[in-house]
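Everything below concerns the one structure shown next.
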Amino acid sequence: MSGSDAVAEAVAGALPPLEAFWMPYTNNRAFKARGDLASRMIARAEGVYYTTASGARVIDAMATLWCVNAGHCRPRIVEAIRAQAGELDFASNFSLGNPLAFRAADAVARIAPPGMGHVFFTNSGSEAVDTALKIALGYHRLRGEASRQRFVGRERGYHGVNLAGVSVGGVPANRKAFGNLIAVDHLPHTQDLARSRHSRGRPAAGADCADALERIVALHDASNIAAVIVEPVAGAGGVLVPPRGYLERLRELCTRHGILLVFDEVITGFGRLGAPFASQFLDIRPDLITFAKGVTNAAVPMGGVLVADHVYETFMGGSGPVVELFHGYTYSGHPLASAAALATLATYAEEDLFGNAARLAPAFEDGIHSFAGMPHVVDTRNLGLIGAVELAPRDGAPGARALEVHNRAWERGVFVRPIGDAVAFCPPLSINRDQLDTVFAAVREALAGVA
Ligand SMILES: Cc1ncc(COP(=O)(O)O)c(C=O)c1O
Numbered sequence: 010m011s012g013s014d015a016v017a018e019a020v021a022g023a024l025p026p027l028e029a030f031w032m033p034y035t036n037n038r039a040f041k042a043r044g045d046l047a048s049r050m051i052a053r054a055e056g057v058y059y060t061t062a063s064g065a066r067v068i069d070a071m072a073t074l075w076c077v078n079a080g081h082c083r084p085r086i087v088e089a090i091r092a093q094a095g096e097l098d099f100a101s102n103f104s105l106g107n108p109l110a111f112r113a114a115d116a117v118a119r120i121a122p123p124g125m126g127h128v129f130f131t132n133s134g135s136e137a138v139d140t141a142l143k144i145a146l147g148y149h150r151l152r153g154e155a156s157r158q159r160f161v162g163r164e165r166g167y168h169g170v171n172l173a174g175v176s177v178g179g180v181p182a183n184r185k186a187f188g189n190l191i192a193v194d195h196l197p198h199t200q201d202l203a204r205s206r207h208s209r210g211r212p213a214a215g216a217d218c219a220d221a222l223e224r225i226v227a228l229h230d231a232s233n234i235a236a237v238i239v240e241p242v243a244g245a246g247g248v249l250v251p252p253r254g255y256l257e258r259l260r261e262l263c264t265r266h267g268i269l270l271v272f273d274e275v276i277t278g279f280g281r282l283g284a285p286f287a288s289q290f291l292d293i294r295p296d297l298i299t300f301a302k303g304v305t306n307a308a309v310p311m312g313g314v315l316v317a318d319h320v321y322e323t324f325m326g327g328s329g330p331v332v333e334l335f336h337g338y339t340y341s342g343h344p345l346a347s348a349a350a351l352a353t354l355a356t357y358a359e360e361d362l363f364g365n366a367a368r369l370a371p372a373f374e375d376g377i378h379s380f381a382g383m384p385h386v387v388d389t390r391n392l393g394l395i396g397a398v399e400l401a402p403r404d405g406a407p408g409a410r411a412l413e414v415h416n417r418a419w420e421r422g423v424f425v426r427p428i429g430d431a432v433a434f435c436p437p438l439s440i441n442r443d444q445l446d447t448v449f450a451a452v453r454e455a456l457a458g459v460a
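Mapping to the working numbering: the sequence shown position 327 is 336, numbers consecutive.
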């Protein structure tokens, strides 16, 4: 089938052939066998709404995969991509350069925490994580500490799907099929329902979870540890909000032991908490920040690593080989992605979308906590515009309740994501108060019908 035939078929609303596409993170057989497939195919999107192939409108209360922060098909971004495709479709940044990559890096660095003035571009969050961990290894080696090779991740952390990311990640389902992975240690996750339930914002108890790093240091010795990587707010592991003082303590311990601290801000970057990065919202300075998703509003794949000046200078000041870092992707700083990033950052600024997230956060918090006291609800939690409602697992069928809530909410025109027994919310920062109310009302109604 030619490209134009495929387009004509899609426009006519016919379903495409299903067999060839091995869908990511999906039960392929169940999906492809669905009787209501057209209601699960997204035909188009605008603002906070999807339109399905069956013609239904659904509020995307997850910014799809925590990424469409400005809402869908924003004109300025669409136009920038279109124009760039006709101007310079591709040029490599391997010893050549395209101006947009430099501009995009500069634009990201300008909104980054002070002292983090350098950007290495990748194409995804997973690549950003691998890049950050390699930078950490190279940094220590340049400083004469080549034995610092171990990484520390955290239970229930999600750092993408590449080998290093899965290794430091702590979601069991993502790890168990893949054998040994890279040897890393994991900090305990921070959820403790016995001490903190229904916390509005950061839980009061739990800073002591960071002390587990001391035990890992005691076990391996700091001279063997390169980096600790954590998400400031764990997303795909079930939306876990950091307890007060926890990340501060991790920062303190990393500094004391000469370990680099990496914040994986693939979800929290670009306004999710009401500031450009969680690092600013929380006022904690990591050494490296990974980002992706919101940098281009997901319109073109892009990720990257924000690098603290002291780390960057270590590479630039070295007497090593001419190429300071033997690392890079064919598409690092791709012109289309760079154009999308510039237009996205301009959209965030023009519409004050980070400010909108901050202003909406109290109403969002109320919406999330309106579930407390409903049947099956064991926890409600939130920070900025990310939150979750956790349900008690059904006997013998963990995850079934949240999946049912997701399905019933979808039928009511709202997309929320089941993660285990939690229902996650992560709306575009451009959502308005009425749309938020619609989201919470639909999900409450969905939950009310779940046994
Ligand atoms: C915190 C975090 N890191 C890394 C990733 C991986 O990003 P990608 O799917 O773009 O590779 C994700 C994706 O959800 C994420 O949430």
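Yeah, the Cβ is synthetic: ideal placement off N, Cα and C, and Gly gets one too.
Predicted model only: the values in this text are computed from it and were never measured.
query	result
Identify the residues that DSSP records as bridge partners of Tyr58: which are they?	Glu55, Ile68
Using a Cβ-based criterion (distance less than 8 Å to any ligand heavy atom), does Trp75 qualify as near ligand 1?	yes
Can you find the residues in the same chain that come closer than 8 Å, C-beta to C-beta, to Val425, ignoring five residues on each side of it along the sequence?	Ala70, Met71, Val414, His415, Ala418, Val432, Ala433, Phe434, Val448, Val452
In three-state terms, what does DSSP make of Leu269?	strand
By Cβ distance below 8 Å, which residues in the same chain neighbour Arg165 in space, the five residues on each side in sequence not counted?	Gly179, Val180, His198, Gln200, Ala243, Gly246, Gly247, Leu249
Sorted by chain position, which residues of the same chain lie with C-beta nearer than 8 Å to Gln444's C-beta, five sequence neighbours on each side aside?	Val57, Ile68, Pro436
Assuming Val316 and Ile120 form a contact by the criterion Cβ under 8 Å, report the distance between their Cβ atoms to the nearest whole angstrom.	Contact doesn't hold; Cβ gap of about 15 Å is too wide.
Say yes only if the C-beta of Ile276 is nearer than 8 Å to one or more non-hydrogen atoms of ligand 1, and no if none qualify.	yes
How many Å lie between Ala23 and Leu202 at the Cα?	47 Å
Cα-Cα, which of Arg390, Asp446, Leu412, Arg294 is closest to Met125?	Arg294
With distances taken Cα to Cα, identify the nearest neighbour of Tyr255 among Cys218, Glu454, Gly169.	Cys218
Helix, strand or coil: which one does DSSP assign to His415?	helix
Grab me the residues of Ala450's own chain with a C-beta within less than 6 Å of its C-beta, minus the 5 sequence neighbours each way, in chain order.	none
For Ala65, which residues of its own chain have a beta-carbon under 8 Å away from its beta-carbon, when the five flanking residues on both sides are left out?	Ser48, Gly422
Have a look at Ser232 and Asp194 and give me their C-alpha separation to the nearest angstrom.	15 Å
Rounded C-beta distance between Gly162 and Ile238? I'm assuming under 8 Å.	6 Å
So is the beta-carbon of Ala355 under 8 Å away from any non-hydrogen atom of ligand 1?	no
Once the 5 residues before and after Pro26 are set aside, which same chain residues still bring their CB inside 7 Å of it?	none
Considering only DSSP beta bridges, list what Ala433 is partnered with.	Ala397, Arg426
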